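A.B. asks: Quick one: the structure is below, and I'll ask about it shortly.
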Amino acid sequence: MNRIEYLQELKYELKNLPVEEQEEALEYYRGYFEEAENDEEVIKEFGTPAELAKTITEKFASVPSVRKVEKNSSKDGSFGAFTNEEVRSLDISLGAAEIVMATGETFSVDYRGIEPGNVQYGLSPFGTFYIKNTLSVPDFSLLRHKDTADIRPRILIKIPADCELDLFKLHIGAGSFSAKTISIKTERSYIDVGAGNIVLNHVDGGAANIKCGMGNITYTGKVSGLVKVDCGMGNISMNLNGNPEEYSLFAHVGLGTVKFNDTKRSGLGNIECSEQKQNHFSVNVGMGNVTIKM
Amino acid sequence: MMFNTGSSLLDAVVLSVVSAETEGTYGYKITQEVRDILDVSESALYPVLRRLQTSGLLETYDKEFNGRNRRYYKITAQGMSELDSYRGDWISYYKKINHILLGE
Chain E
1 MNRIEYLQEL KYELKNLPVE EQEEALEYYR GYFEEAENDE EVIKEFGTPA ELAKTITEKF
61 ASVPSVRKVE KNSSKDGSFG AFTNEEVRSL DISLGAAEIV MATGETFSVD YRGIEPGNVQ
121 YGLSPFGTFY IKNTLSVPDF SLLRHKDTAD IRPRILIKIP ADCELDLFKL HIGAGSFSAK
181 TISIKTERSY IDVGAGNIVL NHVDGGAANI KCGMGNITYT GKVSGLVKVD CGMGNISMNL
241 NGNPEEYSLF AHVGLGTVKF NDTKRSGLGN IECSEQKQNH FSVNVGMGNV TIKM
Chain R
295 MMFNTGSSLL DAVVLSVVSA ETEGTYGYKI TQEVRDILDV SESALYPVLR RLQTSGLLET
355 YDKEFNGRNR RYYKITAQGM SELDSYRGDW ISYYKKINHI LLGE
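Next comes the structure, spelled out in structure tokens:
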């Protein structure tokens with residue numbers, strides 16, 4: 001690993017910090033590499049980017065994690081209402097509901113068919129608007145809504161039009177998540193689905209990390225920087241804007257298939273590009289399918 | 295070194311190393327100087343510098359060096375007074391330790 005790769009990984013590992021803190025730390029370590037003039041020695045001293053990131057982020061451990069949490073007062077009301085100035089990141093982690101993301105005035109949440117209190121949300125001191133299940137087994141908690149209820153658990157998340165974020169984190173267990181009419185631009189994104197479905201349109205996900213267990217992910221928009229795609233048994237389909245000349249790809253294929261524009265690989269083997277570019281896909285496929293079209 | 299370095303001793307040493315240069319000094323050099331006397335990892339210094347900076351004990355400025363930007367750390371007035379109180383604490387601490395270990 002050279003210093004460029006190391007710093008790129010480090011940037012990714014620091015994703016949970018506010019952007020100015022990330023920049024500050026990267027600037028310092030960039031300078032450090034230049035002074036030391038021995039990448040190998042420095043990397044040996046620092047450990048992996050993840051280890052270094054842990055050392056850097058640990059000083060934030062004493063900061064309280066929640067600045068304000070809205071109370072779930074009524075069953076059918078809409079909650080939240082944070083503005084684009086307050087919200088720097090989105091962190092959504094939900095189980096088996098039907099979730100729709102649409103454009104609204106502010107960041108807010110509305111839900112039906114779920115016991116009040118089973119969905120928690122709020123704004124962290126770093127400006128992360130989070131929405132999550134409150135029960136201890138996150139991926140299945142929403143399945144426990146009353147059997148007698150005739151309404152299916154539904155969650156509506158609203159975000160402002162053309163919203164710009166530092167980080168967009170989306171984790172869906174077995175539910176379905178659909179965002180067809182929104183438009184998000186983010187520095188980094190982390191998209192993860194267990195057995196559910198995610199449809200995202202008009203997302204500029206920046207340096208994206210996309211993981212799919214048994215589910216499906218359909219993604220339309222843009223990505224840049226180091227993009228990681230990991231697919232177990234599911235399907236990931238990405239329809240992207242951008243010049244394919246500016247992107248490189250490395251794919252490790254198990255029993256599945258990877259398609260990158262006109263390049264295709266089915267079954268055991270690798271797809272390798274001759275040089276790694278600024279925008280780079282790192283793809284890992286088990287038994288699933290990954291299609292990337294630009 | 296066989297004794298553990300607590301975080302306040304590390305803060306004191308870093309402040310002292312930085313204060314020795316009137317024009318300030320940069321991260322790599324600070325790291326090397328601290329590592330000459332204390333057994334700390336290279337990666338541990340940035341969080342210390344950043345913490346001292348955000349609490350107003352150190353300030354930074356950028357200066358060009360060999361065609362690139364180099365970030366300098368400089369001690370503030372508040373940092374100087376903090377360093378003075380560290381020095382006072384250190385004197386009473388080492389006297390007590392010397393007394394018990396060396397019978398001085």
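Protein sequences appear in the order of chains E and R. Just so you know, we're using this note's numbering here: the first sequence kicks off at 1 and counts up by one. Just so you know, we're using this note's numbering here: the second sequence kicks off at 295 and counts up by one. All C-beta atoms in this analysis are idealised placements derived from N, C-alpha and C, irrespective of residue type, glycine included. Quantities reported herein were computed from a predicted structural model and do not represent experimental measurements.
Could you tell me which of Leu343(R), Val334(R), Ile369(R), Pro341(R) sits nearest to Glu45(E), measuring between CA atoms?
C.D. replies: Val334(R)
A.B. asks: Identify whether Ser325(R) lies in helix, strand or coil by the three-state DSSP scheme.
C.D. replies: Note that residue 325(R) corresponds to Thr in the displayed sequence, not to Ser. Helix at Thr325(R).
A.B. asks: Assign Tyr387(R) to one of two classes, buried (16 or more other C-beta atoms within 10 Å of its C-beta) or exposed (fewer than that).
C.D. replies: exposed
A.B. asks: Going along chain R in order, which residues have a C-beta closer than 7 Å to the C-beta of Gly127(E)?
C.D. replies: Those within 7 Å of Gly127(E) in chain R number zero; the least Cβ separation is about 18 Å.
A.B. asks: What does a CB cutoff of less than 6 Å around Val253(E) pick up in its chain, not counting 5 residues either side in sequence?
C.D. replies: Listed in chain order, the non-local C-beta contacts of Val253(E) below 6 Å within the same chain comprise Arg265, Gly269, Val285, local neighbours out to five positions each way being set aside.
A.B. asks: Kindly indicate which residue of Ser237(E), His202(E), Val87(E), Asn209(E) has the alpha-carbon position closest to the one of Gly215(E).
C.D. replies: Check the Cα spacing between Gly215(E) and each of Ser237(E), His202(E), Val87(E), Asn209(E): the tightest is with Ser237(E).
A.B. asks: Taking the beta strand (DSSP E) that Gln120(E) belongs to, which residues open and close that run?
C.D. replies: 119-123
A.B. asks: Beta carbon of Gly310(E), beta carbon of Gly225(E): below 8 Å?
C.D. replies: Here chain E covers residues 1 to 294 and nothing more, so residue 310(E) does not appear.
A.B. asks: Examine chain E for any beta-carbon lying closer than 8 Å to the beta-carbon of Glu336(R), and answer yes or no.
C.D. replies: True, the Cβ-Cβ gap to chain E drops below 8 Å.
A.B. asks: Unbroken alpha helix (DSSP H) runs of length 4 or more, entirely within the stretch 328-366 of chain R: which are they?
C.D. replies: 339-348
A.B. asks: Should Lys357(R) be labelled buried (16 or more other beta-carbon atoms within 10 Å of its own) or exposed?
C.D. replies: exposed
A.B. asks: Mind the definition here: the stretch 245-262 of chain E touches the stretch 304-315 of chain R only if three or more C-beta pairs lie below 8 Å; say whether that holds.
C.D. replies: Under the 8 Å Cβ criterion, the stretch 245-262 of chain E does not count as touching the stretch 304-315 of chain R, having fewer than three qualifying pairs.
A.B. asks: Under three-state DSSP, which class holds Ser178(E)?
C.D. replies: strand
A.B. asks: Ignore the nearest five residues each way along the sequence and tell me which others in Glu296(E)'s own chain have a CB closer than 8 Å to its CB.
C.D. replies: Nothing about residue 296(E) can be read from this structure; chain E reaches only from 1 to 294.
A.B. asks: DSSP beta-bridge partners for Phe297(R)?
C.D. replies: Answer is none; Phe297(R) lacks a bridge partner.
A.B. asks: Which residues in the same chain have their Cβ closer than 6 Å to the Cβ of Ile157(E), if we skip the five residues on either side of it in sequence?
C.D. replies: Met101, Val109
A.B. asks: If you measure between the beta carbons of Glu34(E) and Arg365(R), is that distance less than 8 Å?
C.D. replies: no
A.B. asks: Run through chain E and tell me which residues come within less than 9 Å of Arg381(R), C-beta to C-beta.
C.D. replies: Those within 9 Å of Arg381(R) in chain E number zero; the least Cβ separation is about 25 Å.
A.B. asks: Within 8 Å of any Cβ in chain E, is that where the Cβ of Gly321(R) sits?
C.D. replies: yes
A.B. asks: Output yes or no for whether 8 Å exceeds the beta carbon distance between Val203(E) and Tyr219(E).
C.D. replies: yes
A.B. asks: Tell me, to the nearest whole angstrom, how far the beta carbon of Phe260(E) is from that of Ile292(E); I am working on the premise that it is less than 8 Å.
C.D. replies: 5 Å
A.B. asks: Helix, strand or coil: how does DSSP classify Phe309(R) here?
C.D. replies: First, the residue type needs correcting, since residue 309(R) is Leu and not Phe in the sequence shown. Leu309(R): helix per DSSP, three-state reduction.
A.B. asks: Between which two residues does the beta strand (DSSP E) containing Val193(E) stretch?
C.D. replies: 184-193
A.B. asks: Give the DSSP-derived three-state secondary structure of Ile394(R) in the structure shown.
C.D. replies: Note: Ile394(R) maps to helix in three-state DSSP.
A.B. asks: What is the DSSP secondary structure of Asp150(E), reduced to helix, strand or coil?
C.D. replies: Because the pLDDT of Asp150(E) is 48, which lies under 50, any placement of that residue in the model is unreliable, and the number read from its coordinates should be weighed accordingly. Looking at Asp150(E) - three-state DSSP - the assignment turns out to be coil, as it is neither helix nor strand.
A.B. asks: Please work out which residues of its chain come closer than 6 Å, Cβ to Cβ, to Ser176(E), disregarding the five sequence neighbours upstream and downstream, and give them in chain order.
C.D. replies: Excluding positions up to five away in sequence, the list reads Glu98, Gly196, Asn197.
A.B. asks: Against Leu52(E), what residues of chain R qualify as contacts under a CB-to-CB distance less than 8 Å, listed in chain order?
C.D. replies: Result: Ser337.
A.B. asks: Can you give me the Cβ contacts of Lys132(E) inside the same chain, cut-off strictly under 8 Å, excluding the 5 residues immediately before and after it?
C.D. replies: Asp91, Ile92, Ser93, Leu94, Val119, Gln120, Tyr121, Pro138
A.B. asks: Applying a beta-carbon distance threshold of less than 8 Å, which residues of chain R neighbour Ala36(E)?
C.D. replies: Tyr322
A.B. asks: Quick one: what's got a C-beta closer than 6 Å to Ala36(E)'s C-beta in the same chain, skipping five residues either side?
C.D. replies: Close CB contacts of Ala36(E) within its chain, under the 6 Å cut and outside five residues either way in sequence, are with Val42 (chain order).
A.B. asks: Please confirm whether Gly350(R) and Gln372(R) have their CB atoms less than 8 Å apart.
C.D. replies: yes
A.B. asks: For Asp204(E), does the three-state DSSP call read helix, strand or coil?
C.D. replies: strand
A.B. asks: With distance defined between alpha-carbon atoms, name the residue in Ser274(E), Gly213(E), Lys277(E) nearest to Asn289(E).
C.D. replies: Gly213(E)
A.B. asks: Since I believe Thr57(E) is in contact with Asn2(E) (beta carbons under 8 Å), could you give me their beta-carbon distance rounded to a whole number of angstroms?
C.D. replies: So it is not a contact: roughly 24 Å between Cβ atoms.
A.B. asks: Can the beta-carbon of Leu343(R) be found closer than 8 Å to that of Thr370(R)?
C.D. replies: no
A.B. asks: Check whether chain R comes within 8 Å of Gly31(E), counting only Cβ atoms and requiring the distance to be less than that.
C.D. replies: yes
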